[in-house]
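Undergrad:
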Amino acid sequence: MIYPWQAEMFRQLVGERDRLPQALLLHGPQGLGKTDFARHFAQALLCESPLPDGAPCGACPACGWFASGNHPDFRHLGLDADAPAEEGGDAPGRKGSEQIGVDAVRSLAGFMTTSTHRDGLRIVLVEPAHALNVFAANALLKTLEEPLPRTLFLLVSHVPARLPATVRSRCRQVPCHPPPAAQAQAWLAREGVARPDLFLALAAGAPLEALRLSQQDGGQRAELLRRLADPAQSLVQLSEFVARLPVEEWLGWLQRWAYDLLARKLAGAPHYHLDAGELTDRIAARADLHDLLAWEHQLRDAKRLAHHPLNPRLFAESLLAPMLAMR
Ligand SMILES: [Zn+2]
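Read left to right, the sequence shown gives residues 23 to 349 (the numbering used here).
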């Protein structure tokens, strides 16, 4: 499927179906639906009787194979969720590979040389493309340097800078941007989100991320803000509350709140926690600008260590203490 904000991009790309380059790199922030788009586009190109607007028919054998993950001319190189984590990785015990290795690229050899169904296109989706390790990226580069006819690579990435420049230069860039707020909010409202403006702000304009946040919020973000505003809450109580939440969630909330406080301090409007205006105003008025900047830096540094803090409560305490001193 594609989303309303992708309709124009789809129309343009599908209009070029007979003169596409050998590789497209779709890049832009997370939460825009880039991978859904790439899959839909691939299905449209493989479909045997596309609709007048270029969309896949959903009824032909090719669409059936695609939907069941069995299209013989489509491959997805991605992260293997069941693979054991790499030896010496920073996440012991966590399953799921964080890289696309060279074997995955080499495994395409047979696929690339077999003739395609009814002489159609052959499509390889590489997602997330920045997960290609250096050997895999080199192997892919060799393939891109000797293009095969009727073969299309679709690369998808939210950190394209991590791809070697040599690979990027072999792809046509397809930048993906957050849609206009009104369009995103209308879509979120149709998805049943009660405060689309709030969650879209928290997600920096990315609609799918906003939807995910609205489904995960569970009132805990609002509860955290309420507790932060309550002078009766001690550091220990707050840290205990916070340590029970997923670390990447609460750290993200605090980080965005630090931005809001800084924006308010500098006479701007909050960007993210639109429902915390009064609290933000109060603390921004009282806090020292240098203290706020130092806290924002501390949160940013903490994000790098956030995957597995040894002691979640102490970790939370160290990040909340500066905030409470400003309260
Ligand atoms: Zn079809």
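The beta carbon of each residue, even a glycine, is placed where N, CA and C say it ideally should be.
I think residue 47 touches residue 196, with their Cβ atoms under 8 Å apart; what is that distance to the nearest whole Å?
TA: That pair is a contact at about 6 Å.
Undergrad: Where does residue 75 land, buried or exposed, given buried means 16+ other C-beta within 10 angstroms?
TA: That one is exposed.
Undergrad: Can you give me the C-alpha to C-alpha distance between residue 346 and residue 160, rounded to a whole angstrom?
TA: Each residue's alpha carbon lies about 50 Å from the other.
Undergrad: Start and end of the alpha helix (DSSP H) containing residue 251?
TA: Where residue 251 is concerned, the enclosing alpha helix (DSSP H) stretches over 242–251.
Undergrad: Beta strand (DSSP E) containing residue 195: first to last residue?
TA: Taken as a continuous stretch (DSSP letters only), the beta strand (DSSP E) holding residue 195 covers 194–197.
Undergrad: Can you tell me whether residue 181 is buried or exposed? The criterion is at least 16 other CB atoms within 10 Å of its CB, across all chains shown.
TA: Per the 10 Å Cβ criterion, exposed.
Undergrad: Tell me whether residue 81, by its Cβ, gets closer than 8 Å to a heavy atom of ligand 1.
TA: Flag set: Cβ of residue 81 near ligand 1.
Undergrad: Going by beta-carbon coordinates alone, are residue 176 and residue 146 separated by less than 9 Å?
TA: Cβ distance < 9 Å, so residue 176 and residue 146 count as in contact.
Undergrad: May I have the straight-line CA-CA distance separating residue 29 from residue 124, to the nearest angstrom?
TA: If you take the alpha carbons of residue 29 and residue 124, they lie about 35 Å apart.
Undergrad: Considering only the alpha carbon of each residue, which of 249, 209, 89 lies closest to residue 232?
TA: The shortest Cα separation from residue 232 among 249, 209, 89 belongs to 209.
Undergrad: So what does residue 98 bridge to, in DSSP terms?
TA: BP columns for residue 98 point to 147.
Undergrad: Is the Cβ-Cβ distance between residue 193 and residue 45 less than 9 Å?
TA: Result yes, Cβ atoms of residue 193 and residue 45 sit closer than 9 Å.
Undergrad: Mind checking which residues open and close the alpha helix (DSSP H) that includes residue 89?
TA: Residues 83–89.
Undergrad: Could you pull out every residue in the same chain whose Cβ sits closer than 8 Å to the Cβ of residue 258, ignoring the five residues on either side in sequence?
TA: Excluding sequence neighbours, residue 258 sits near 339.
Undergrad: Consider the C-beta atom of residue 268 and the heavy atoms of ligand 1; say whether any pair is separated by less than 8 Å.
TA: Result no, Cβ not under 8 Å from ligand 1.
Undergrad: Tell me whether residue 302 sits in a helix, a strand or coil according to DSSP, three-state version.
TA: The answer is helix: DSSP assigns residue 302 an H, G or I state.
Undergrad: Between the beta-carbon of residue 96 and the beta-carbon of residue 39, is there less than 9 Å?
TA: Contact flag unset, no.
Undergrad: Give me the Cα-Cα distance between residue 310 and residue 292, rounded to the nearest whole angstrom.
TA: About 17 Å.
Undergrad: I'd like to check one pair, residue 51 with residue 226: are the Cβ atoms closer than 9 Å?
TA: Contact: yes.
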